[in-house]
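Take UniProt numbering: the final residue in the sequence shown is number 364, and no numbers are missing along the way. The beta-carbon is built from N, C-alpha and C at its ideal position, and this holds for glycine as well. These numbers were taken from a predicted model, which means no experiment stands behind them. A short worksheet on the structure shown next.
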Amino acid sequence: MTLETELEKYRRQISTDAYPMSIGEVANLYRDGELDIHPEFQRLFRWTTTQQTRLIESILLGIPLPSIFVAASESGWDVVDGVQRLSTIFHFMGLLRNEDGETLPPFKCDEAPFLKSLDGMTYEPGNDSPGLSQAQRIDFKRARLDMKIIKRQSDKRAKYDLFQRLNSFGSVASEQELRNSLLVSISRKHFLWLSEISDNVDFLTVLNLPSRSIRERYHMEIALRFITLRNIPESNLRTLGFLGEFLTEEVVPLTEISNEDLAEMKAVFERTFSVLNKAAGADILRKLNSASGRPVGPFSATAFEVLALGVAYHGAPARITPEVVLDKQRALWSDPEFSPGFSTGIRADQRMRKTIPKGRQLFS
């Protein structure tokens, strides 16, 4: 296939349009429910007050902003790239809604690099804050945004690839936040499902992750590992490649899973982490000191891959009791092949060629 042929093929897969719109026009679309900026991500909203203030200052100074990418859907537009910029604009204007549909208090600016008088200001004057003048508000609403529209007929996987490329150059703080963005842009239902199982109390207790890891959605990455690796053929482990890239590529297939299969996966997930929690709580996925038999260190990926995935591979049946899990935990860490440091210096996929088969064999 020549380059020209490839260009013709892939250009047809994604159809776009572009035109400038005023902030006022875009705000009206949001107000009318025709522009979805995914309020699920407000708890992942990572822009600081300083970053938001500088954006407002840029608009007031007439500095052009990067393009906003949206995907056309049956109900309107879904924001693909530009969630943080639009959220900041709507927050400043007093329009931003949370997941429950409640309007948030207007954003109050800090001191800006050039416009020092912005400090403490809101869009409209408030009881405890000065606001822009009427003329300044009109100028703000008339400022133009360059909107790039991905048309409805575009291929879903092509949309996914575009989304990944755009956001990988942005300010997404972690790989899993990027995956969440990809997932919700394709299927909100599947995003909410993954979010729900990730908040399972037994699961969070067993992981015992620090608060920073939770903020960066590492627990959701572990849940995604569970879903994608539970039944993976062992022959595929040799061609898995980098784990992060593998998990990102699994986002699209996840959105194609039926409701029936989601329910089955959720049931196995809940049974698995229930029995692990009953076995030893936050200690079950930690390493055991070979001399003292006491748990040491934080959450262990090795323990997760052997114990959690091992239990889940067999469907977490009733025969796998907390006592059985404790016995297998001791067997794992007393095995010379899994002595401390066995995975040091090797990639996750190389480690999993040993850990995943080991877990399946232990609980067979």
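Selected residue, minimal CA-CA separation from residue i, among the options
i    : options                   : result
L247 : L182, S292 and G293       : L182
L229 : I214, L209, E260 and Y313 : Y313
N208 : V70, L285, V184 and A135  : L285
R137 : P295, F92, S334 and V311  : F92
L60  : R351, T239, A135 and K151 : A135
S258 : S187, P295 and V296       : S187
H38  : I23, E57 and W77          : W77
F342 : I63, S67, S300 and R215   : S300
S58  : L262, I150 and F114       : F114
P66  : G82, D100 and A72         : G82
R179 : T5, E250 and A303         : E250
F203 : G101, I232, K116 and D283 : D283
S364 : W333, S339 and V306       : V306
N231 : R212, D261, S213 and R217 : D261
I197 : P210, I227, S185 and N127 : I227
F140 : S334, G120, F304 and S22  : S22
L194 : S213, I222 and S339       : I222
G33  : M1, I63, S73 and R217     : S73
V70  : K151, A303 and I63        : K151
As assigned by DSSP and simplified to three states, the class of residue i
i           : result
Y19         : strand
K151        : coil
F69         : strand
L240        : coil
D36         : strand
W47         : coil
R179        : helix
T255        : coil
R347        : coil
L288        : strand
G315        : coil
T122        : strand
D327        : helix
S339        : coil
M352        : helix
A308        : helix
K108        : coil
N277        : helix
M1          : coil
D139        : helix
residue 383 : Any property of residue 383 remains undetermined from this structure, which presents the chain solely from 1 to 364.
CA-to-CA distance, residue j to residue i, given in whole angstroms
i    : j    : result
N98  : S87  : 10 Å
T205 : H219 : 11 Å
Q52  : A308 : 42 Å
A318 : F90  : 51 Å
R353 : L7   : 38 Å
S235 : T344 : 23 Å
L192 : S174 : 19 Å
Q176 : V324 : 33 Å
L55  : A279 : 51 Å
R360 : A316 : 11 Å
R271 : K328 : 17 Å
N277 : L326 : 11 Å
R351 : P357 : 11 Å
G281 : P295 : 11 Å
V80  : T16  : 13 Å
L240 : M265 : 22 Å
R347 : G244 : 11 Å
E337 : G310 : 17 Å
E4   : R330 : 60 Å
N289 : G297 : 9 Å
A267 : E256 : 19 Å
S292 : V201 : 29 Å
G120 : D36  : 29 Å
Close beta carbons around residue i, own chain, < 8 Å, minus the five adjacent residues each side
i    : result
T321 : V275
P20  : R144, L145, D146 and M147
L95  : A27, Y30, R31 and T103
Those residues which DSSP pairs with residue i across a bridge
i    : result
R294 : DSSP output for R294 lists no bridge partner at all.
K266 : Per DSSP, none; premise fails for K266.
W333 : According to DSSP, which records beta bridges pairwise, W333 is partnered with nothing at all.
V79  : V70
R97  : T103
L145 : M21
G131 : T122
Residues of its chain near residue i, where Cβ-Cβ distance is below 6 Å and the 5 sequence neighbours each way are ignored
i    : result
A18  : K148
L254 : H190
T122 : P106, K108, S129 and G131
L224 : L247
T49  : D110
R142 : S22
Cβ neighbours of residue i in the same chain (closer than 7 Å, five flanking residues each side left out)
i    : result
W47  : Q84 and T88
R238 : R353
V172 : Low per-residue confidence applies at V172: pLDDT is 49, beneath 50, and the placement is therefore not dependable, though the value from the model is reported in the following sentence. Once the five neighbours on either side are set aside, the close Cβ partners of V172 are L178 and S181.
Contact test: residue i Cβ vs the ligand FMN heavy atom, cutoff 8 Å
i    : result
L237 : Looking for the ligand FMN in the displayed structure turns up nothing, as the structure carries no ligands at all.
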